[in-house]
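S.K.: The structure under discussion is supplied below as structure tokens; questions concerning it will follow.
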Amino acid sequence: MLLTIAATRFPDGSPATDLGYLLHKNPARVQTFEQSFGRVHVFYPHACEHRCQIAVLLDVDPVALVRRGGAVRSQRGLDQYVNDRPYVASSFLSVALNGLFATAMNGRCKERPQLVSCPTALSARLAVVSCRGGEEMVRSLFEPLGYEVAITAHPLDEAFPEWGESRVYSVQIGQTTTLQSLLQHLYILIPVLDNDKHYWVGQDEVEKLLVRGKDWLKEHPHREFITTRYLKYQSRLTRDALARLTEDEDDLDPDAAEAEHAAEEEAIERPLSLNQQRLGSVVSVLKSAGAASVLDLGCGEGNLLRLLLHDKQFARIVGVDVSLSSLQRAAQKLRFERMADHLRKRINLLHGSLIYRDDRLAGFDAAAVVEVIEHLDPPRLQAFERAVFEFARPRLVVMTTPNREYNVRWETLPAGAFRHRDHRFEWTRVEFREWAGRVASQHGYRVHFLPVGPEDTEVGSPTQMGVFERDAHCASLAGSEAVR
Ligand code: SAH
Numbered sequence: 018m019l020l021t022i023a024a025t026r027f028p029d030g031s032p033a034t035d036l037g038y039l040l041h042k043n044p045a046r047v048q049t050f051e052q053s054f055g056r057v058h059v060f061y062p063h064a065c066e067h068r069c070q071i072a073v074l075l076d077v078d079p080v081a082l083v084r085r086g087g088a089v090r091s092q093r094g095l096d097q098y099v100n101d102r103p104y105v106a107s108s109f110l111s112v113a114l115n116g117l118f119a120t121a122m123n124g125r126c127k128e129r130p131q132l133v134s135c136p137t138a139l140s141a142r143l144a145v146v147s148c149r150g151g152e153e154m155v156r157s158l159f160e161p162l163g164y165e166v167a168i169t170a171h172p173l174d175e176a177f178p179e180w181g182e183s184r185v186y187s188v189q190i191g192q193t194t195t196l197q198s199l200l201q202h203l204y205i206l207i208p209v210l211d212n213d214k215h216y217w218v219g220q221d222e223v224e225k226l227l228v229r230g231k232d233w234l235k236e237h238p239h240r241e242f243i244t245t246r247y248l249k250y251q252s253r254l255t256r257d258a259l260a261r262l263t264e265d266e267d268d269l270d271p272d273a274a275e276a277e278h279a280a281e282e283e284a285i286e287r288p289l290s291l292n293q294q295r296l297g298s299v300v301s302v303l304k305s306a307g308a309a310s311v312l313d314l315g316c317g318e319g320n321l322l323r324l325l326l327h328d329k330q331f332a333r334i335v336g337v338d339v340s341l342s343s344l345q346r347a348a349q350k351l352r353f354e355r356m357a358d359h360l361r362k363r364i365n366l367l368h369g370s371l372i373y374r375d376d377r378l379a380g381f382d383a384a385a386v387v388e389v390i391e392h393l394d395p396p397r398l399q400a401f402e403r404a405v406f407e408f409a410r411p412r413l414v415v416m417t418t419p420n421r422e423y424n425v426r427w428e429t430l431p432a433g434a435f436r437h438r439d440h441r442f443e444w445t446r447v448e449f450r451e452w453a454g455r456v457a458s459q460h461g462y463r464v465h466f467l468p469v470g471p472e473d474t475e476v477g478s479p480t481q482m483g484v485f486e487r488d489a490h491c492a493s494l495a496g497s498e499a500v501r
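Put into structure tokens, the structure is as follows:
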């Protein structure tokens, strides 16, 4: 059984080989570890600064298993010795992953602490997975977690194609995420796919499931299915695990919330891509303003929507875009089809243009307009101002746009060019401040400005943000004001 995990250069510029630090396995060495069920070999088929790939090769010894009394299932006779256990990804692989990479799965790395929670482009390939539920089941487990999934089906016997497909697949998953999350997902979902745990499942398995699934299982649309299979259909354990998984849905622990806020603050300070910093800053402004209902105007493919959905404070989230294909992509990326009911109830997508009055946008606490105004034709800006500040009129508007002055710092951008072909303009800091100041005073808002991204003493930060707060005294101006 072979699992490979690959990384490219990290977003902060660290070489791909730093994967070795995160996994605590030296890229220059081949290592072999003895396990009760056989041997595990760990090595790097590829390791350079641009791409690094680690391989975990599991050598399950069915004969030794039978001798030690650890044979799988209720196999008798020849089946004990001749079975698929040495070849397919199963609970043996999860046990090996826990043994090899427990520190990484716990999110610790002394040498490169800044990389632990830094999402980066990762992919994993399971050479052989056995899944009776077919491709659909493989997708239903990984796609809701944001993975792109590529599956190769294998025929039962290549010599007899008429026999059809087997239940054996090669599976590749990939997304920009942390290594810790990827390992946790694999650790829990591999035995769920295989559905044939090789060891006795007791209370300690509930604890493992809750620890390794802490950050994601609760929000997974198939959490019940995953829990049931992971705990080998033991109904008492499954009930206990599900109850503990969801207990804070009704009863938020204030200490836990505070710890979470501290972690968020810390996360914002870590080196991130500009896009992540921008979205992170928007979320923290919305969050600290106590917004519960939020519009994402010009939501594009839904990157901000995804972050908002992760925080229960945002009870009503609406994404609006003029582009139908962007909305379709957003619905796909957010897995609308398979989203759990409690999440689906909180979010909606609307097709609409921001240069027309739209009564569906009235009555919200806040609106985010992230990297959108520069896509509007200047003669349409005034219509946009009215649609947002006069008619939709949320209590708070958070707007970001590029700072043109910073363009000289982008090495790859030709002089005088805009950052995106579809940009109709890019403003200097003074231009944005003048426009925003006028809009705010015309519509009864106060505005302040925040830099997003590394601030340069001469040219400022790459992204500029304006935070508009509706003046309490001017609330009566609102034609579409929600009664509070
Ligand atoms: N806010 C997103 C997308 C920014 S790209 C993000 O930060 O990722 C700009 C988006 O604005 C595009 O999705 C585009 O379709 C949308 N857009 C442009 N003009 C618009 C209009 N008049 N009404 C609504 N959306 C518009």
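Take the sequence shown: its letter number 473 is residue 490 in the working numbering, and every next letter is one higher.
All residues carry an ideal CB built from backbone N, CA and C; glycine is no exception.
Would you call the CB atoms of alanine 144 and leucine 40 closer than 8 Å?
M.R.: In the sequence shown, counting from the first residue as 1, residue 144 sits at position 127. In the sequence shown, counting from the first residue as 1, residue 40 sits at position 23. No.
S.K.: Is it buried or exposed for alanine 347, if we count other Cβ within 10 angstroms and need 16 for buried?
M.R.: Walking along the sequence shown from the start, residue 347 turns up at place 330. Alanine 347 is buried by the Cβ-count criterion.
S.K.: With a threshold of 7 Å on Cβ separation, who are the neighbours of proline 238 within its own chain once the five nearest residues in sequence on each side are excluded?
M.R.: To locate residue 238, count along the sequence shown from 1; it is residue 221. Closer than 7 Å at Cβ, skipping near neighbours: Pro161, Arg355, Met356, Ala357.
S.K.: Cα-Cα, which of Pro28, Met482, Glu66 is closest to threonine 137?
M.R.: Along the sequence shown, read from residue 1 onward, the residue named residue 137 stands at position 120. When each option's Cα is compared against that of threonine 137, the closest is Pro28.
S.K.: Is tryptophan 444 helix, strand or coil when you go by DSSP?
M.R.: Stepping through the sequence shown from its first residue, residue 444 is reached at position 427. Looking at tryptophan 444 - three-state DSSP - the assignment turns out to be strand.
S.K.: Quick check: is any heavy atom of the ligand SAH less than 7 Å from the C-beta of histidine 440?
M.R.: One-based indexing of the sequence shown puts residue 440 at position 423. No, the Cβ of histidine 440 stays beyond 7 Å of every heavy atom of the ligand SAH.
S.K.: Can you tell me whether isoleucine 71 is helix, strand or coil according to DSSP?
M.R.: Along the sequence shown, read from residue 1 onward, the residue named residue 71 stands at position 54. Residue state, collapsed to three classes: strand.
S.K.: Whole angstroms are fine: how far does the CA of proline 419 sit from the CA of phenylalanine 442?
M.R.: For the purposes of this step, residue 442 is identified with residue 425 of the sequence shown, where counting begins at 1. For the purposes of this step, residue 419 is identified with residue 402 of the sequence shown, where counting begins at 1. Rounded to whole angstroms, phenylalanine 442 to proline 419 spans 9 Å at the Cα level.
S.K.: In terms of residues, what are the limits of the beta strand (DSSP E) holding isoleucine 168?
M.R.: Start at 1 with the first residue of the sequence shown, and residue 168 comes out as number 151. From DSSP, the beta strand (DSSP E) with isoleucine 168 extends over 165-172.
S.K.: Compute the distance between the beta-carbons of leucine 322 and phenylalanine 381, then report whether it is under 8 Å.
M.R.: In the sequence shown, counting from the first residue as 1, residue 322 sits at position 305. In the sequence shown, counting from the first residue as 1, residue 381 sits at position 364. It is not a contact, given that the beta carbons lie outside the stated cut-off.
S.K.: Let's test the definition: count the other Cβ atoms within 10 Å of the Cβ of proline 458 and tell me whether it reaches 16, buried, or not, exposed.
M.R.: For the purposes of this step, residue 458 is taken as the residue at position 441 of the sequence shown. The question names proline, but residue 458 is serine in the sequence shown. Per the 10 Å Cβ criterion, exposed.
S.K.: My assumption, with CB atoms under 8 Å, is that valine 105 sits in contact with aspartate 174. Please give the rounded CB distance.
M.R.: The sequence position of residue 105 within the sequence shown is 88, counting from 1. The sequence position of residue 174 within the sequence shown is 157, counting from 1. Between aspartate 174 and valine 105 the Cβ distance is about 17 Å, and since that is not below 8 Å, they are no contact.
S.K.: Would you call the segment 110-123 and the segment 192-202 touching, i.e. three or more CB-CB distances under 8 Å?
M.R.: In short, these stretches touch, since the Cβ pair count reaches three.
S.K.: Where does the unbroken beta strand (DSSP E) through proline 419 begin, and where does it stop?
M.R.: What you label residue 419 is simply residue 402 of the sequence shown in a count that begins at 1. Per DSSP, proline 419 belongs to the beta strand (DSSP E) from 413-419.
S.K.: Taking tyrosine 186 as the reference, which of Glu179, Gly163, Glu153 has the closest Cα?
M.R.: Position 169 of the sequence shown, counting from 1, holds the residue named residue 186. If we check each option's Cα against that of tyrosine 186, Glu153 comes out closest.
S.K.: Expressed to the nearest angstrom, what Euclidean distance is found between the alpha-carbon atoms of proline 130 and threonine 244?
M.R.: For this step, residue 130 is matched to residue 113 along the sequence shown. For this step, residue 244 is matched to residue 227 along the sequence shown. Approximately 31 Å, taken between the alpha carbons.
S.K.: Along the beta strand (DSSP E) that carries phenylalanine 60, what are the first and last residues, could you check?
M.R.: The sequence position of residue 60 within the sequence shown is 43, counting from 1. Note, phenylalanine 60: beta strand (DSSP E), 55-64.
S.K.: My guess is that valine 77 and phenylalanine 60 are in contact by the Cβ rule of under 8 Å, so how many angstroms apart are they, rounded?
M.R.: Locating residue 77 in the sequence shown gives position 60, where the first residue counts as 1. Locating residue 60 in the sequence shown gives position 43, where the first residue counts as 1. Their Cβ separation, rounded to whole angstroms, is 18 Å, which puts valine 77 and phenylalanine 60 out of contact at 8 Å.
S.K.: How would you label glycine 151, buried or exposed, when you count the other beta carbons within 10 angstroms and need 16 or more for buried?
M.R.: Indexing the sequence shown from 1 puts residue 151 at position 134. When all chains shown are included, glycine 151 counts as exposed.
S.K.: Extract the residue ranges of the alpha helix (DSSP H) inside the segment 344-410, only unbroken runs of 4 or more that lie entirely within it.
M.R.: List check, alpha helix (DSSP H) in window: 358-361, 398-402.
S.K.: Just checking my contact of glutamate 66 with proline 32 at CB under 8 Å: how many whole Å lie between their CB atoms?
M.R.: Along the sequence shown, read from residue 1 onward, the residue named residue 66 stands at position 49. Along the sequence shown, read from residue 1 onward, the residue named residue 32 stands at position 15. Contact flag correct, Cβ pair sits at about 4 Å.
S.K.: Are there 16 or more other CB atoms within 10 angstroms of the CB of arginine 295, so buried, or fewer, so exposed?
M.R.: Counting from one through the sequence shown, the residue named residue 295 turns up at place 278. By the neighbour-count rule (16 or more Cβ atoms within 10 Å), arginine 295 is buried.
S.K.: Can you check the segment 231-255 for any alpha helix (DSSP H) of at least 4 residues that lies completely inside it and give the ranges in chain order?
M.R.: Counting whole runs of 4 or more residues, the segment 231-255 contains the alpha helix (DSSP H) stretches 240-247.
S.K.: Report the three-state DSSP secondary structure of alanine 81 (helix, strand or coil).
M.R.: Residue 81 sits at position 64 when you count from the first residue of the sequence shown. Looking at alanine 81 - three-state DSSP - the assignment turns out to be helix.
S.K.: Thinking just about the alpha-carbon of each residue, which of Gln345, Ala400, Ile190 is nearest to the one in threonine 21?
M.R.: Translated into positions along the sequence shown, residue 21 becomes position 4. Minimum Cα distance to threonine 21 is reached at Ile190.
S.K.: Got a sec? Which residues, its chain only, sit under 7 Å from alanine 113 by beta carbon, not counting five neighbours each side?
M.R.: Locating residue 113 in the sequence shown gives position 96, where the first residue counts as 1. Contacts found: Gln52, Val57, Val73, Leu75.
S.K.: Using CA atoms only, rank isn't needed, just tell me which of Leu367, Val386, Ala383, Ala385 is closest to arginine 377.
M.R.: Your numbering for residue 377 matches position 360 in the sequence shown. Taking only the C-alpha atoms, the option nearest arginine 377 is Leu367.
S.K.: Are glutamate 486 and arginine 463 closer than 8 Å when you measure CB to CB?
M.R.: By 1-based counting over the sequence shown, the position of residue 486 is 469. By 1-based counting over the sequence shown, the position of residue 463 is 446. Yes, these two residues count as a Cβ contact at 8 Å.
S.K.: Kindly indicate which three-state DSSP category leucine 20 falls into: helix, strand or coil?
M.R.: Taking the first residue of the sequence shown as 1, we reach residue 20 at position 3. Three-state result, leucine 20: strand.
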